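Report on the structure given below.
Number of protein chains: 2
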Amino acid sequence: MCELLGMNCNVPTDICFSLTGFQARGGATDVHRDGWGIAFFEGRGVRLFLDPQPSCESPVAEFVRRYPIRSLNVVAHIRQATQGPVGLENTHPFIRELWGRYWIFAHNGNLVDYSPDLDGSYLPVGQTDSERAFCLLLQTLRNQFPDGEPDPSALHAAINDFTSGTRRFGTFNFLLSNGGRLFAHRSTELHYIVRQAPFAVAHLKDEDVAIDFSEVTTPDDRVALVATLPLTDNEVWTPLPAEHVVMFTDGAYCPG
Amino acid sequence: MCELLGMNCNVPTDICFSLTGFQARGGATDVHRDGWGIAFFEGRGVRLFLDPQPSCESPVAEFVRRYPIRSLNVVAHIRQATQGPVGLENTHPFIRELWGRYWIFAHNGNLVDYSPDLDGSYLPVGQTDSERAFCLLLQTLRNQFPDGEPDPSALHAAINDFTSGTRRFGTFNFLLSNGGRLFAHRSTELHYIVRQAPFAVAHLKDEDVAIDFSEVTTPDDRVALVATLPLTDNEVWTPLPAEHVVMFTDGAYCPG
Numbered sequence: 003m004c005e006l007l008g009m010n011c012n013v014p015t016d017i018c019f020s021l022t023g024f025q026a027r028g029g030a031t032d033v034h035r036d037g038w039g040i041a042f043f044e045g046r047g048v049r050l051f052l053d054p055q056p057s058c059e060s061p062v063a064e065f066v067r068r069y070p071i072r073s074l075n076v077v078a079h080i081r082q083a084t085q086g087p088v089g090l091e092n093t094h095p096f097i098r099e100l101w102g103r104y105w106i107f108a109h110n111g112n113l114v115d116y117s118p119d120l121d122g123s124y125l126p127v128g129q130t131d132s133e134r135a136f137c138l139l140l141q142t143l144r145n146q147f148p149d150g151e152p153d154p155s156a157l158h159a160a161i162n163d164f165t166s167g168t169r170r171f172g173t174f175n176f177l178l179s180n181g182g183r184l185f186a187h188r189s190t191e192l193h194y195i196v197r198q199a200p201f202a203v204a205h206l207k208d209e210d211v212a213i214d215f216s217e218v219t220t221p222d223d224r225v226a227l228v229a230t231l232p233l234t235d236n237e238v239w240t241p242l243p244a245e246h247v248v249m250f251t252d253g254a255y256c257p258g
Numbered sequence: 003m004c005e006l007l008g009m010n011c012n013v014p015t016d017i018c019f020s021l022t023g024f025q026a027r028g029g030a031t032d033v034h035r036d037g038w039g040i041a042f043f044e045g046r047g048v049r050l051f052l053d054p055q056p057s058c059e060s061p062v063a064e065f066v067r068r069y070p071i072r073s074l075n076v077v078a079h080i081r082q083a084t085q086g087p088v089g090l091e092n093t094h095p096f097i098r099e100l101w102g103r104y105w106i107f108a109h110n111g112n113l114v115d116y117s118p119d120l121d122g123s124y125l126p127v128g129q130t131d132s133e134r135a136f137c138l139l140l141q142t143l144r145n146q147f148p149d150g151e152p153d154p155s156a157l158h159a160a161i162n163d164f165t166s167g168t169r170r171f172g173t174f175n176f177l178l179s180n181g182g183r184l185f186a187h188r189s190t191e192l193h194y195i196v197r198q199a200p201f202a203v204a205h206l207k208d209e210d211v212a213i214d215f216s217e218v219t220t221p222d223d224r225v226a227l228v229a230t231l232p233l234t235d236n237e238v239w240t241p242l243p244a245e246h247v248v249m250f251t252d253g254a255y256c257p258g
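Protein chains in written order, with the working numbering: chain A, 3 to 258; chain B, 3 to 258.
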């Protein structure tokens, strides 16, 4: 299996602290050695860093961890391969465009005997079940809303409907973002935390590193983090509700 | 206007030497200060680095220049904005998927009053004429070949036809790759060189840096480079034929 990390905020925020703990799991403190990737939205644009090397040894990961890219929406993934060989084309997150926005998707799980009927509007480049599911999701959304992005509640409901139909193939923890919102779905393991005033000190589980968020935030900041397993050992992380897509907007939790 | 740099090879090759000269033009030895980007194909996968900062000041550019990513197909761009504000979503090269392959596009020029009729299969995320042209190109190819990628000569001819219809809107120097081939079109300025045995010493125009390619190659290597302006001052760069799409495959020049 893999690990997921997502962030959704109301002010552009860097994710360097969380990445320090997350990337250690890519082969150092945990077994996910088959590549890693991270996408940062900046406005409508997106920066996508991918590396089929283990994140704990990747020069790209080291660079990204030290370079404070400030973003409202981030999706990251470290991979332990199930379907599809280790390679750049099978490294999450995946990117496509729909309705004139980039969409980013990362999956932790395994969809068995999963060969969806794709009409050619989105086709997988690699060999993973994950990319096939992402292609079918975007195809479904485009067919359902041919005139463009619907209002957030209709979009949320459509993503939830799609997910209900896909769960029967297997484990389907995922993160999805179009730069405006972050969608998260838990099959087995996915936790979240919303940090807001009063901010406190957080201490990583995977490395002896701490940060006092009160020193680097303003009272109006709100940051939601979603991770397969809690990243800190002195904060309360909450499991997402199972088998239901949650939407995060401006750092707020919207179960829908 | 902007500058383009492309590479197509028969063995995975790093582009660090050429990037050293090219990136200096992003605000240091030349005026292109409005962002830069580079895409490296590795198999069917692609790594895309984008930065709206000038390449001569960009930490991402510095990282990429020092990190030898070996690739068969590279497309790079430094921007001097004409249409669309400076921002990540307007930074070239652009990425989309067609026929289960990633396609990468970068443009140097200006298409005036260019509002093509897009059917929604590919829509621009930013505000540039360049991204609109890329979307129309992929839409045209997909409609023309709905069953998947045609043979190389048919693909080459279709891209050339599309380009003929677009040139009337203005300057349309571009580079395009799907990871297998590199397509290049010159409206005004675009030069190429094919390096093969016997390899010699090359010296950059923009910085006092030289490399002896005979020390880092094998006799079978072949590398085609395409750049707006020659990058070296002791080699012969040839202007591409004007108003005709050239295809590069395995480092070889195929005028079609």
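The beta-carbon is built from N, C-alpha and C at its ideal position, and this holds for glycine as well.
Owing to the predicted nature of the structure, the values given are computational and were not obtained by experimental measurement.
Contact with chain A by residue i, beta-carbon distance below 9 Å
i: B:I80; result: no
i: B:I97; result: yes
i: B:V77; result: no
i: B:W101; result: yes
i: B:N145; result: no
i: B:R35; result: no
i: B:L21; result: no
i: B:E44; result: yes
i: B:V13; result: no
i: B:P148; result: yes
i: B:V211; result: no
Boundaries (first-last residue) of the alpha helix (DSSP H) holding residue i
i: A:F19; result: 18-26
i: B:R144; result: 131-146
i: B:I161; result: 154-168
i: A:F65; result: 61-68
Min CB distance residue i to chain B below 9 Å
i: A:S123; result: yes
i: A:N10; result: no
i: A:T84; result: no
i: A:T234; result: no
i: A:Y116; result: no
i: A:T93; result: yes
i: A:R49; result: yes
i: A:R197; result: no
i: A:Q138; result: For clarity, residue 138 of chain A is Leu in the given sequence; the question names Gln instead. Output row for A:L138: interface = no.
i: A:P152; result: no
i: A:L90; result: yes
i: A:Y194; result: no
i: A:P241; result: no
i: A:G258; result: no
i: A:Y255; result: no
i: A:V127; result: yes
For residue i: DSSP bridge partner residues
i: B:C256; result: B:M249
i: B:C4; result: According to DSSP, which records beta bridges pairwise, B:C4 is partnered with nothing at all.
i: A:F107; result: A:F96, A:L178
i: B:V48; result: B:F43
i: B:C11; result: B:V225
i: B:S185; result: Before going further, note that residue 185 of chain B is Phe rather than Ser in the sequence given. B:F185 is bridged to B:L178, B:M249.
i: A:D53; result: A:W38
i: B:G172; result: B:L113
i: B:P241; result: B:H193
i: B:T234; result: B:L206
i: B:A83; result: Beta-bridge pairing links B:A83 to no other residue.
Extent of the continuous beta strand (DSSP E) to which residue i belongs
i: B:V228; result: 224-229
i: A:T220; result: Segment: none, A:T220 is in no beta strand (DSSP E) and carries neither H nor E.
i: B:N75; result: 73-80
i: B:V196; result: 193-198
i: A:V203; result: 203-205
Distance between beta carbons of residue j and residue i, contact taken as under 8 Å
i: A:Y255; j: A:V248; result: 7 Å
i: A:S189; j: A:G111; result: 6 Å
i: B:Q25; j: B:R81; result: Not really, about 12 Å apart at Cβ, beyond 8 Å.
i: B:F96; j: B:F51; result: Between B:F51 and B:F96 the Cβ distance is about 13 Å, and since that is not below 8 Å, they are no contact.
i: A:P241; j: A:H193; result: 6 Å
i: B:Y116; j: B:F65; result: Going by Cβ atoms, the distance from B:Y116 to B:F65 rounds to 34 Å, so no, they are not a contact pair.
Using a Cβ-Cβ cut-off of less than 7 Å, give me the residues of the region 161-182 of chain B that come near chain A, in sequence order. Residues are counted here when their Cβ sits less than 7 Å from a Cβ of chain A; for the region 161-182 of chain B the count is zero.
Quick one, which residues of the region 51-75 of chain B are near chain A if we go by CB-CB under 7 Å, in chain order? Taking 7 Å as the Cβ-Cβ cut-off against chain A, the residues of the region 51-75 of chain B that qualify are L52, P61, F65, Y69.
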